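*Asks:* Okay, handing you the structure first.
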Ligand code: SAH
């Protein structure tokens, strides 16, 4: 006969604390576990669950508190599942833990009269955790970040948890603010939908540094990977600009490689997402071949490739040239160019990440005297200081690759009026069915 019944109230004395931190009362010898109580408590309790050998109770009232009790110093303690014995004075907590070890050794291990030599406690038993995990969810229509309630996955919004660093609160607030401002949903376990699942923080005590890991329910990667095994790279690009769809420098590789590879004119190129790479490779090879033919490079020729991107023209030229200098404004593209040179075993090319208008005059000023200048500017064409520097350097040939005839014409006029003459021009259709046309123009020094 079990002497307790579910949903009935009992008066009891707590006589010990179990290994999982519950107070234990015995009613006619039958054990009832009562969370958040401690031996010495006299309580009124409700039995909430009855099993074969024990029951669970809930303290309704502490009629006589144990002298081991203290203020838990946490407003969430009653509901939160994180701490179990915060209502017990710290010294008493240590005694309980020592007893738990001794009991286990004696009862389970059968070591008779086993005693530990001592228990080592903390001087200040707060804010000791270097790792915290806060589930994120939606509670009554509000995004919240907090802790699971005792024995459940209901999330209790949490201001501060005194086991961790105080900064966790600000981090959690920032995540929730961000979600609210941007309509980012919280993950919902039941429907397995929604995005943000948890905020994980780790702190280095010695360096006082914090790592924040935001867990998301992102099925996008697996969805994309299922499309084809030809997909080798999935990248998240962070762009916060209002009207600008151009890829930013902030890439996070979500899966696979950080660059995709292709080959042009026998040279292998790795291409980062934000680096420029001609979009029509079949026609590009024809275009580059013509540009290189115009450049008429041999092992004595020094080349400057301005607006070089990932070094496509530079590296194709370098195979036959004495030396190549490449200039390009996008840093990532220059990193690609340098690595592409190494990967192709090309040692006579150097690259500068800077704007043409800034670096080309400086290089010429320092005495750089290329025999051939190749320039392949964006639609807005080149600019006065770059052209002036080219003219000053007096290369034998200028090969102008242009995607905009208007700016080509404007810049060719400047070169023409300063000692260069157009000797050959070929147009290429890199963009069939669109209005765009690419032009390669050879200009030679007149005298
Ligand atoms: N020659 C390369 C890239 C040509 S596209 C190829 O054929 O692949 C033009 C390049 O000029 C782009 O890579 C762009 O990033 C770069 N660019 C744009 N403005 C620039 C500037 N002011 N100075 C240097 N490079 C610039």
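Numbering (my numbering), first residue to last: 33 to 479.
For every residue, glycine included, the Cβ atom is placed at its ideal position computed from N, Cα and C.
In this text, all values refer to a predicted model and were calculated from it rather than measured experimentally.
1. Jot down the residue ranges of each uninterrupted alpha helix (DSSP H) in the segment 388-448, minimum 4 residues, whole runs only, in chain order.
2. Any idea if residue 38 is buried or exposed, counting beta-carbon neighbours within 10 angstroms, 16 or more meaning buried?
3. Rounding to the nearest angstrom, what Cα-Cα distance links residue 432 and residue 283 in this structure?
4. Between residue 342 and the ligand SAH, is the CB less than 8 Å from at least one heavy atom?
5. Looking at residue 362: is its Cβ nearer than 9 Å to the Cβ of residue 381?
6. Does the beta-carbon of residue 167 have 16 or more other beta-carbons within 10 angstroms, so that it is buried, or is it exposed?
7. Select from 469, 285, 186 the residue whose C-alpha is nearest the C-alpha of residue 220.
8. Below 8 Å, can you find three or more Cβ-Cβ pairs linking the segment 185-203 to the segment 245-257?
9. Going by beta-carbon coordinates alone, are residue 294 and residue 285 separated by less than 9 Å?
10. Roughly how many angstroms lie between the CA atoms of residue 75 and residue 98, to the nearest whole one?
11. Can you determine whether any heavy atom of the ligand SAH sits closer than 8 Å to the C-beta of residue 327, and answer yes or no?
12. How many angstroms separate the CA atom of residue 174 from the CA atom of residue 205?
13. CB-CB under 8 Å to residue 429, same chain, minus the five flanking residues each way: which ones, in chain order?
14. Beta-carbon of residue 414 versus every beta-carbon of chain D: anything under 9 Å?
15. Regarding residue 432 and the ligand SAH, is the C-beta to nearest heavy atom distance less than 8 Å?
16. I want to check one thing, is the minimum distance from the CB of residue 321 to the heavy atoms of the ligand SAH below 8 Å?
17. Could you work out which residue in 469, 463, 165 is closest to residue 434 when comparing CA atoms only?
18. On the three-state DSSP scale, how would you describe residue 291?
19. Could you spell out where the alpha helix (DSSP H) holding residue 459 opens and where it closes?
20. Any heavy atom of the ligand SAH closer than 8 Å to the CB of residue 282?
21. Is the separation between the beta-carbon of residue 396 and that of residue 349 shorter than 9 Å?
22. Would you list the one or two residues that DSSP bridges to residue 311?
23. What distance in whole Å lies between the Cβ atoms of residue 335 and residue 353, which are believed to be in contact at a cut-off of 8 Å?
24. By a C-beta neighbour count over all protein chains shown, 10 Å radius and 16 as the cutoff for buried, is residue 338 buried or exposed?
25. Is there contact here, the segment 69-89 with the segment 145-160, by at least three beta-carbon pairs under 8 Å?
26. Closest by CA to residue 218, which one among 231, 279, 227?
27. Can you look up residue 136 in the DSSP assignment and give me helix, strand or coil?
28. If residue 440 sits next to residue 423, beta carbons under 8 Å apart, how far is it from one beta carbon to the other, in whole angstroms?
29. Using only the alpha-carbon positions, how far apart do residue 459 and residue 315 sit?
*Replies:* If we stick to the structure as given:
1. 388-397, 416-425, 437-448
2. exposed
3. 32 Å
4. yes
5. no
6. buried
7. 186
8. no
9. no
10. 10 Å
11. no
12. 13 Å
13. 326, 327, 328, 403, 404, 405, 474, 475, 476, 477
14. Judged by its chain identifiers, the structure shown contains no chain D, having just a single protein chain.
15. no
16. no
17. 469
18. coil
19. Residue 459 -> not in any alpha helix (DSSP H); beta strand (DSSP E) instead, spanning 452-460.
20. no
21. no
22. Note: residue 311 sits in no beta bridge, so no partner.
23. 5 Å
24. buried
25. no
26. 227
27. helix
28. Residue 440 to residue 423, Cβ: 16 Å. No contact.
29. 11 Å
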